[in-house]
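>
Numbering (the working numbering), first residue to last: 266 to 777.
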């Protein structure tokens with residue numbers, strides 16, 4: 266059965282709307298990172314902050330991913346099969362249970378604040394590890410409101426409400442940024458940790474108001490006695506463990522980086538945050554949050570499942586291939602525009618840009634893998650995605666440890682590239698056994714996207730180098746913006762041609 270243009274357009278429009286708000290959230294996050302970079306540069310202070318933030322930030326990423334993967338289909342099932350009152354009660358029980366678990370984790374993290382930096386960054390200086398210890402308590406407290414926030418985001422997504430969940434990180438980042446600026450003179454780098462805690466409280470407040478306005482009456486309760494709530498918590502185990510493996514890989518990367526020069530931990534942390542923000546937070550999550558409830562709703566219809574999944578893969582390719590080519594070429598100029606001011610030097614820009622240019626190679630592999638894994642999440646199969654994460658982590662850690670010796674931070678990035686390829690291969694094999702997603706049209710579509718992206722970035726690079734050398738921030742921004750406009754124009758023309766239902770004859774005609 267041919268893919269429906271209307272369904273493709275509908276999914277793309279919904280994803281685009283989510284991506285718009287998520288993009289604004291991304292910009293607010295970049296503003297926060299740029300402010301930290303301008304105030305503190307790359308060195309001991311920022312290394313200490315990112316050591317302290319390693320586990321809390323990773324756990325919030327675990328919450329975000331697990332909530333989307335497991336809670337969205339579970340909440341959707343409850344509201345489809347039961348009355349709203351019953352579903353609200355179950356969601357409240359699960360929310361209360363997660364808040365208790367988050368509080369317990371926060372208490373343990375605070376209790377271990379004196380030893381965690383020694384474990385996470387053995388190669389860092391004593392001063393760096395001591396400062397990190399003082400920051401850990403504030404950042405672990407952040408887990409409590411973030412657990413509630415991610416649960417409410419999943420709840421709203423399961424009811425096909427996507428705008429407020431996608432926009433809510435803007436509240437977090439704006440409040441955190443404002444707090445950090447106001448308190449920096451008095452508290453130094455600690456002001457950043459305070460900002461994230463206050464911002465997290467603001468975010469969950471906005472989400473709670475939105476939930477209430479949609480007449481969803483959810484109150485946190487003791488849910489462990491409810492078998493349905495326990496089943497919902499059980500479904501969270503493997504996604505959480507899988508994302509936890511990702512946390513372990515990031516901890517291992519920072520441990521290895523601690524033996525390199527001062528600032529290496531900050532560089533790898535910024536590169537990872539940028540990559541995760543662009544792919545995971547904005548574009549890829551914007552597609553998966555739309556795919557999962559649709560696949561859950563149509564899981565009894567094989568043709569609809571294949572159609573929706575193919576659409577998701579095409580959208581992921583249309584996002585990730587152009588992004589990859591542009592950022593591989595323009596990573597350093599983009600870092601210069603975002604970060605190079607104040608204490609953040611040109612040398613810092615070059616170091617971060619070179620690492621980011623390697624990391625972005627993963628975008629198509631990660632994007633398509635996430636789209637394929639939504640098939641399993643929609644069927645409440647958490648084992649297959651977990652095994653995918655096991656493969657990713659094993660390859661990442663093995664090759665990261667090997668390649669850091671000759672290549673330094675670039676070696677860590679290359680290890681992640683190889684891990685992403687391995688994850689894609691596993692997801693493709695497992696999906697192919699159940700639904701045939703990739704065919705000749707998909708291959709031609711991918712090749713056409715790659716050709717259009719290379720032409721676009723090539724012309725953009727020619728224009729960029731033809732412009733006068735930039736000295737000030739405004740000039741750097743203007744030259745990058747001109748190159749970006751050229752790139753977007755070429756992509757727009759190419760996408761117009763590609764929109765002809767992706768027939769092989771049309772794609773061939775475009776390539777000629």
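Idealized CB from N, CA, C, for every residue including glycine.
Which runs of the alpha helix (DSSP H) fall wholly inside the stretch 697 to 762 and span at least 4 residues, in chain order?
Entirely contained in the stretch 697 to 762, the alpha helix (DSSP H) runs reaching 4 residues are, in chain order, 705 to 731.
> Would DSSP call residue 477 helix, strand or coil?
What you label residue 477 is simply residue 212 of the chain shown in a count that begins at 1. Note: residue 477 maps to helix in three-state DSSP.
> For residue 488, count neighbouring Cβ atoms within 10 angstroms of its own Cβ and tell me buried if that reaches 16, exposed if not.
Numbered from its first residue, the chain shown carries residue 488 at position 223. Buried: at least 16 other Cβ atoms inside 10 Å.
> Are residue 645 and residue 664 closer than 8 Å when you measure CB to CB?
Position 380 of the chain shown, counting from 1, holds the residue named residue 645. Position 399 of the chain shown, counting from 1, holds the residue named residue 664. Result no, Cβ atoms of residue 645 and residue 664 do not sit closer than 8 Å.
> Taking 8 Å as the limit between beta carbons, can you name the residues of its chain near residue 383, skipping five residues before and five after?
Locating residue 383 in the chain shown gives position 118, counting from the first residue. Taken in chain order, the residues that qualify are 394.
> Excluding the 5 residues flanking residue 606 on each side, which residues of the same chain have their C-beta closer than 7 Å to its C-beta?
Position 341 of the chain shown, counting from 1, holds the residue named residue 606. These residues qualify, in order along the chain: 303 and 738.
> Just tell me which of 419, 433, 474 and 321 has its CA closest to the CA of residue 501.
Indexing the chain shown from 1 puts residue 501 at position 236. The shortest C-alpha separation from residue 501 is found at 419.
> Roughly how many angstroms separate the alpha carbons of residue 578 and residue 351, rounded to a whole number?
In the chain shown, counting from the first residue as 1, residue 578 sits at position 313. In the chain shown, counting from the first residue as 1, residue 351 sits at position 86. About 35 Å.
> So, with DSSP's three-state summary, where would you put residue 273?
Position 8 of the chain shown, counting from 1, holds the residue named residue 273. For residue 273, the predicted structure reports a pLDDT of 49, less than 50, and the residue's modelled location is therefore unreliable. A value from the coordinates is still provided. Three-state DSSP puts residue 273 in a helix.
> For residue 541, tell me which candidate among 438, 631 and 762 has the shortest Cα-Cα distance.
Numbered from its first residue, the chain shown carries residue 541 at position 276. For residue 541, the nearest C-alpha among the options comes from 631.
> Answer yes or no: do residue 514 and residue 651 have a C-beta to C-beta separation smaller than 8 Å?
Taking the first residue of the chain shown as position 1, residue 514 is located at position 249. Taking the first residue of the chain shown as position 1, residue 651 is located at position 386. Contact: no.
> Go ahead and pull the three-state DSSP assignment for residue 484.
Within the chain shown, residue 484 is the residue found at index 219, counting from 1. In the structure shown, residue 484 sits in coil (DSSP, three-state: anything other than H, G, I, E or B).
> Can you tell me whether DSSP reads residue 605 as helix, strand or coil?
Locating residue 605 in the chain shown gives position 340, counting from the first residue. Note: residue 605 maps to coil in three-state DSSP.
> Taking the straight line between their C-alpha atoms, what separation do you get for residue 268 and residue 521?
As a working note, residue 268 is residue 3 in the chain shown. As a working note, residue 521 is residue 256 in the chain shown. Low confidence applies here, because residue 268 scores a pLDDT of 45, under 50, leaving its location unreliable; read the following figure in that light. Looking at the two C-alpha atoms, the distance is approximately 47 Å.
> Measure the beta-carbon distance from residue 516 to residue 658 and round it to whole angstroms, keeping in mind my assumption that it falls under 8 Å.
Here residue 516 refers to the residue found at position 251 of the chain shown. Here residue 658 refers to the residue found at position 393 of the chain shown. With 8 Å as the limit, residue 516 and residue 658 do not qualify as a contact, their Cβ atoms being about 11 Å apart.
> Helix, strand or coil: which one does DSSP assign to residue 564?
Here residue 564 refers to the residue found at position 299 of the chain shown. Looking at residue 564 - three-state DSSP - the assignment turns out to be coil, as it is neither helix nor strand.
> Which of the three DSSP states, helix, strand or coil, is assigned to residue 378?
Taking the first residue of the chain shown as position 1, residue 378 is located at position 113. Residue 378 falls in the coil class under three-state DSSP.
> Along the chain, which unbroken stretches of the beta strand (DSSP E) at least 3 residues long are found entirely within the stretch 326 to 381?
For the stretch 326 to 381, not a single whole beta strand (DSSP E) run of length 3 or above is found.
> Determine the burial state of residue 730: buried for a count of at least 16 other Cβ atoms within 10 Å of its Cβ, exposed for fewer.
Residue numbering aside, residue 730 sits at position 465 when the chain shown is read from its first letter. When all chains shown are included, residue 730 counts as exposed.
> Within 8 Å, do at least three Cβ pairs link the stretch 406 to 420 to the stretch 365 to 379?
Because the criterion of three Cβ pairs below 8 Å is met, the stretch 365 to 379 and the stretch 406 to 420 touch.
> What's the C-alpha gap between residue 414 and residue 481?
Mapped onto the chain shown, residue 414 falls at position 149. Mapped onto the chain shown, residue 481 falls at position 216. Distance between the alpha carbons of residue 414 and residue 481: 15 Å.
> What did DSSP end up calling residue 426 once you bin it into helix, strand or coil?
Position 161 of the chain shown, counted from the first residue, corresponds to residue 426. Of the three classes helix, strand and coil, the one that applies to residue 426 here is coil, per DSSP.
> State yes or no: is the C-beta of residue 639 within less than 8 Å of the C-beta of residue 560?
As a working note, residue 639 is residue 374 in the chain shown. As a working note, residue 560 is residue 295 in the chain shown. Yes, Cβ-Cβ distance for residue 639 and residue 560 is below 8 Å.
> With DSSP collapsed to three states, give me the class of residue 453.
Sequence index remark: in the chain shown, residue 453 carries index 188 (1-based). Residue 453 falls in the coil class under three-state DSSP.
> Would residue 430 and residue 421 be called neighbours here (beta carbons separated by less than 8 Å)?
As a working mapping, residue 430 is identified with position 165 in the chain shown. As a working mapping, residue 421 is identified with position 156 in the chain shown. Yes, these two residues count as a Cβ contact at 8 Å.
> So which of 697, 604 and 402 has the shortest CA-CA distance to residue 317?
Translated into the one-based positions of the chain shown, residue 317 becomes position 52. Comparing Cα positions, the closest option is 402.
> Which one of 718, 441 and 332 has the shortest CA to CA distance from residue 588?
The sequence position of residue 588 within the chain shown is 323, counting from 1. Residue 718 is the option with its Cα nearest to residue 588.
> Using three-state DSSP, classify residue 268 as helix, strand or coil.
On the chain shown, position 3 is the one that residue 268 refers to. Confidence at residue 268 is low in this model, with a pLDDT of 45, below 50, so the placement of that residue is unreliable and no value is reported for it.
> Would you mind sorting residue 519 into buried or exposed? The rule is 16 or more other CB atoms within 10 Å of its CB.
The residue labelled residue 519 in the question sits at position 254 within the chain shown. Looking at its Cβ environment, which holds 16 or more other Cβ atoms inside 10 Å, residue 519 is buried.
> Helix or strand or just coil, what does DSSP make of residue 306?
Taking the first residue of the chain shown as position 1, residue 306 is located at position 41. Residue state, collapsed to three classes: coil.
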